[in-house]
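Visitor: The working numbering puts the first residue of the sequence shown at 26, with every later residue one more than the last. This structure is in structure tokens; I'll ask about it shortly.
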Amino acid sequence: MKLHFDHALVTRLLAHADAASEHTPTLDQLYDPACLRPGVKTRRPAYEDIDRTKIPAGLMLVGDQGIYLMSNGHPGLPGDNGEVNLVAYAREADTQASPEDWYDVKRASFGGDDGAEFLSAETIRKALEATARGHFWIDVSPTQIRCPFLAPPEEPRAGPSGTKGKGPSRQEKKGKV
Numbered sequence: 026m027k028l029h030f031d032h033a034l035v036t037r038l039l040a041h042a043d044a045a046s047e048h049t050p051t052l053d054q055l056y057d058p059a060c061l062r063p064g065v066k067t068r069r070p071a072y073e074d075i076d077r078t079k080i081p082a083g084l085m086l087v088g089d090q091g092i093y094l095m096s097n098g099h100p101g102l103p104g105d106n107g108e109v110n111l112v113a114y115a116r117e118a119d120t121q122a123s124p125e126d127w128y129d130v131k132r133a134s135f136g137g138d139d140g141a142e143f144l145s146a147e148t149i150r151k152a153l154e155a156t157a158r159g160h161f162w163i164d165v166s167p168t169q170i171r172c173p174f175l176a177p178p179e180e181p182r183a184g185p186s187g188t189k190g191k192g193p194s195r196q197e198k199k200g201k202v
């Protein structure tokens, strides 16, 4: 299910994550040995066992009371209305804007359990670029998260005479020539 977010707000959240020198881990990152402080060897790490400088910048896709994105920068980015963390709600799963529908959307897209998934800064940057003319969106299902990307420019290919050309036309690729 495609979930749509405010493009400018997602850009602001990403800027906060990029500017932060420390980052808050997701549950998966909490159990990543590469994120532990030096000398910590435990099977059940706590947040104080994590070296926050080893967590990469990005956003967290959170599913609980709605679905929203938030910066993983530490400390969090305060909201304009006194919230501890500024968040960008998915238009379809915003508890305020869709009080009767958000739970069904959350369950259908994110699943029944609450949680947070890490989305790297690079992934978010590419998705912001791909959606620059419209709403930022993420395709979310209980088993998969997909973000839009612009295809990289094609490399010139050698033509039939050995010279570099543009490669096959769109019709040739589809087999319509």
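Ideal Cβ placement from N, Cα and C applies to all residues, glycine included. Keep in mind the model is a prediction, meaning the values are calculated, not measured.
Which whole runs of the beta strand (DSSP E) in the stretch 111 to 169 are 3 residues long or more, in chain order?
Guide: Runs found: 112 to 114, 140 to 145, 161 to 166.
Visitor: What do you reckon, are the CB atoms on Ile80 and Leu86 nearer than 9 Å?
Guide: no
Visitor: State buried or exposed for Gln121, treating a residue as buried only when at least 16 other CB atoms are found within 10 Å of its CB.
Guide: exposed
Visitor: Express the C-alpha separation of Arg150 and Asp57 in angstroms, rounding to a whole number.
Guide: Annotation: Asp57 to Arg150 spans about 24 Å, alpha carbon to alpha carbon.
Visitor: Check the C-beta distance from Ala42 over to Gly83 and give it rounded, since I have them as a contact under 8 Å.
Guide: 6 Å
Visitor: Does the beta-carbon distance from Met95 to Leu55 come in below 9 Å?
Guide: no
Visitor: Roughly how many angstroms lie between the CA atoms of Thr51 and Lys66, to the nearest whole one?
Guide: Linking Thr51 to Lys66 through their CA atoms gives a straight-line distance of about 19 Å.
Visitor: Is Asp74 helix, strand or coil when you go by DSSP?
Guide: helix
Visitor: Tell me the DSSP bridge mates of Lys27?
Guide: Asp164
Visitor: Please state if the CB of Ala113 and the CB of Lys131 are separated by a distance shorter than 9 Å.
Guide: no
Visitor: Given this structure, state the Cα-to-Cα distance separating Asp139 from Pro63, to the nearest angstrom.
Guide: 31 Å
Visitor: Tell me Arg171's beta-bridge partners as DSSP assigns them.
Guide: Asp164
Visitor: Could you give the first and the last residue of the continuous alpha helix (DSSP H) run that contains Val35?
Guide: 32 to 44
Visitor: Using 8 Å for Cβ pairs, my map puts Leu34 next to Val165. What's the rounded Cβ distance?
Guide: Not really, about 17 Å apart at Cβ, beyond 8 Å.
Visitor: Using the C-alpha atoms, what's the distance from Glu147 back to Leu102?
Guide: 19 Å
Visitor: Would you mind reading off the limits of the beta strand (DSSP E) that contains Asp89?
Guide: Note, Asp89: beta strand (DSSP E), 83 to 89.
Visitor: What are the partner residues of Tyr93, as DSSP defines its beta bridges?
Guide: DSSP, once it has assigned bridges, lists Val87, Tyr114 as partnering Tyr93.
Visitor: Given Cys60, which residues of its chain have a CB within under 8 Å of its CB, disregarding the five upstream and five downstream residues?
Guide: Pro50, Gln54, Ile75, Asp76, Lys79, Ile80
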